[in-house]
Amino acid sequence: MIRNLDVRSKILTVLSLLLLGYLFLLGTMNWNISKTTTYSQQASDELFPAALSSQEAEILFQRVVKHYQDAVVLQDQSGIAAAAEDEEHVLADLAEVRRQTHNDPVRLALADQAIALMTDLRRLAEQTYPALMKNPDAATPETLANVARLAKENRDIADLLHKVSLDVSSDFREELHGMADMAAHERVYGIIVFLAASIWAALSIVLIERQIVRPVKSLSARLRDIAEGDGDLTKRLRVEGDDELAQVGASFNLFVDQLQSILQEVATSTVQLSSATSEIAASSIQMSNRADTQQQETMQIAMAMEEMSASVGEVNRSSQAAAEKARHAAATARNSGHAVQETLSTMRDVAASVEETAGQITELGQRSTEIGKIVGVIHDIANQTNLLALNAAIEAARAGEHGRGFAVVAGEVRGLAERTGQATLQIGEVMNLLQRGTDDAVTTMRRSQVQVQLGVEAATTTGDSLQKIIEAVEQGADMITRVASATSQQATSAAQVNENIARIATITRQSAAGAQQSANAAGELSALAANLRTLISKFQLDTPQPATNYRSPRPVTPAPVRASAYSN
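Numbered by the numbering used here, the letters in the sequence shown go through residues 695 to 1262 in order.
Here it is in structure tokens:
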């Protein structure tokens, strides 16, 4: 029943029992002391004064007798006076004995008898002894009879006083023996009560030890075991009763259950974190390799663009020269029809140049298409890098304080990926414009080629139509001027593409550096995960083994383990 009490009730119960024992011991001692005090008071206030008075009366009576004898023998009147004074003291002592022993009828009767005899003796002595002192040799028979009576009363009074003294002394000694016996009894009783109180206190101490101290020590040992880092989380406290300590034990068992569940979840998450960091490191290395490859391809594109720029410049210069020649041919045609053959020759050259220019522009369109594809690949890589950086930031956020540095690196990688994507979009727009311009130039060149062919055929078949040839030449010159203008625009676009490709190369180098930093951060995160596994391995996290009378607390449902973003 006491197990179901709380700690306060247990302590109050033990203290109440100790207080009851103390009050019982105090009451018993008080009763014994009161009894002893009563006996002592009775002995000191009644028997002891009565014994002294009876002995004093006996001694004084002997002096009275001696005073009377000395007075008769020595004919000394002062002896009679001294005897009378001692008789007063004897009567006073007998009165004191009577007063002190008024509760004892027998002793009271003896005292009354002695007082009566002493009074009669005093009266008879006052009549006899003065007569003897006047005529000691001529004593009357009455005087002699009184002397004989006085002698008899002296003996009776002496015997009676001796009896009273013996009776009072005997009672006093019996009272002293009773007090001694009571003191011995009190000692034995005190020892018994002391032993009972000691046993009572020992039982109280054992009760406190078993109900309070032992659970506290058990809880302290389990907490010390966990605090030292070698705690066994499979053990539980033994819970008995329903007091505060039992509630603390049950709460501690619940805490250990939750701690065990959390550490198990952390251990599982640590394994997944290690796998994720390995995948992140591999992805970072792969991304770095891809960035290196992309940088090399970008350099090749830049070289191709430089070649294309040179070709466009050559086309531009050729177009300018062709236009100049066309104008010169028109002027010559106006001045002389003889220049028709030269114009035909020049037109054939223009046709060849236009055909060559058309081929170069076609090739430029193909290169532009390839550049567009490359830009698309770069954009896809940037998007993939952004996704990887986002996943890395999520994993870093899950890692908490240990993943803060990795989160910064992931944020930088993500920023680089976003800037790369924006640059590729800009390059794509430029390349689309370039492709549309190239398509227009190709169409124009095809159209110019057809017109030149028509001009050649017209100049060949219609040598007489000089005016038509002049017009055709002027149209050709105009078209060539347009081609020159288009090729000039293509040169400008090619310069812009070169600049964008240079930017792409810079971003690619930054992406490679960021990927390397991501790989390094992933390695550090993997080392931290390994250290965390080492720390968790110090705790035993197997199935808990309940102690005797183990009261299972409310079950704790472990939090679901979130899958890694890199898990398959």
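The beta-carbon is built from N, C-alpha and C at its ideal position, and this holds for glycine as well.
On a predicted model such as this, the values are computed, not experimentally measured, just so you know.
Roughly how far, in whole angstroms, is the beta-carbon of residue i from the beta-carbon of residue j, given that I think they are within contact range, below 8 Å?
i     : j     : result
V895  : L712  : Checking the displayed sequence, the identity of residue 895 turns out to be Ala instead of Val. Indeed, because the Cβ distance is near 7 Å, the residues count as touching under 8 Å.
A1216 : I974  : 4 Å
G1131 : Q1183 : 6 Å
M1139 : I1055 : 6 Å
D764  : L804  : No, D764 and L804 are not in contact; Cβ-Cβ is about 29 Å, not under 8 Å.
L1128 : S1187 : 5 Å
A1213 : S978  : 4 Å
M981  : L1082 : 7 Å
L719  : V882  : Actually they are not in contact, since the Cβ atoms of L719 and V882 sit about 14 Å apart, beyond 8 Å.
Q794  : A744  : 4 Å
L818  : N848  : Not really, about 10 Å apart at Cβ, beyond 8 Å.
A1087 : R1108 : 7 Å
Any idea if residue i is buried or exposed, counting beta-carbon neighbours within 10 angstroms, 16 or more meaning buried?
i     : result
A845  : exposed
Q821  : exposed
V900  : exposed
L967  : buried
V1103 : buried
M1041 : buried
P799  : exposed
D875  : exposed
A1097 : Checking the sequence shown, residue 1097 turns out to be Gly, not Ala. Flag for G1097 reads buried.
S710  : exposed
V708  : buried
D951  : buried
Q1060 : exposed
K773  : It should be noted that the sequence gives Gly, not Lys, for residue 773. Buried, since its Cβ has 16 or more Cβ neighbours within 10 Å.
V1255 : In this prediction, V1255 has a pLDDT of 36, which is less than 50 and means its spatial position is unreliable; what the coordinates show is noted afterwards. It counts as exposed.
K828  : exposed
S748  : buried
S1012 : buried
S914  : exposed
V910  : exposed
F1100 : buried
D780  : buried
I1195 : buried
T813  : exposed
G1053 : exposed
I893  : exposed
S859  : buried
T1051 : buried
S1246 : Residue placement at S1246 cannot be trusted, given a pLDDT of 47 that sits under 50; what the coordinates show is reported in the next sentence. Looking at its Cβ environment, which holds fewer than 16 other Cβ atoms inside 10 Å, S1246 is exposed.
T1137 : exposed
Q1211 : buried
Figure out for me which residue from the options has the closest Cα to the Cα of residue i.
i     : options                    : result
P1264 : E869, H761, H871           : Look at the range of the chain in this structure, 695 to 1262, and you will see that residue 1264 is not part of it.
R1113 : T1079, H871, L788, A1086   : T1079
V791  : D850, S863, A819, Q756     : S863
D1133 : V1069, S1062, R1092, A1101 : S1062
A1045 : F946, Q1143, G1059, I979   : Q1143
S898  : L706, T1228, E752, Q1129   : L706
D806  : L815, Q794, L788           : L788
V1048 : I956, T971, Q1145, V960    : Q1145
I1068 : G1105, G1122, Q1116        : G1122
A890  : T722, Q1014, A778          : T722
I1072 : A944, P743, A1087, D986    : D986
A1223 : Q994, S969, T1202, V841    : S969
S912  : N947, N1029, N1225         : N947
I906  : S703, G1115, N1194, Q1204  : S703
L953  : L917, A745, Q1211, R984    : L917
L838  : E779, E847, L826           : L826
R1203 : E903, H871, Q989           : Q989
T1118 : H1032, N1077, D780         : N1077
Q1120 : I1198, S859, E1050         : I1198
L811  : L854, L802, D770           : L854
E1193 : E1089, E1000, H783         : E1000
A1004 : A1091, E869, L1058         : L1058
L1226 : G943, V965, A1189, Q1035   : V965
Check whether chain C comes within 8 Å of residue i, counting only Cβ atoms and requiring the distance to be less than that.
i     : result
G1094 : The chain labelled as chain C is not found in the depicted structure, where only one protein chain is given.
Please tell me whether, using a cut-off of 7 Å, the distance from the CB of residue i to the nearest non-hydrogen atom of the ligand SAM is below it.
i     : result
N1126 : As far as ligands go, the structure on display features none, and thus does not contain the ligand SAM.
Within the segment 1103 to 1138, ranges of the alpha helix (DSSP H) (whole runs, at least 4 residues): none
Could you give the uninterrupted runs of the beta strand (DSSP E) lying entirely in the segment 954 to 994, keeping only those of 3 residues or more? none
Which ranges does the alpha helix (DSSP H) cover as unbroken runs of at least 4 residues, wholly within the segment 790 to 848, from first to last along the chain? 799 to 828
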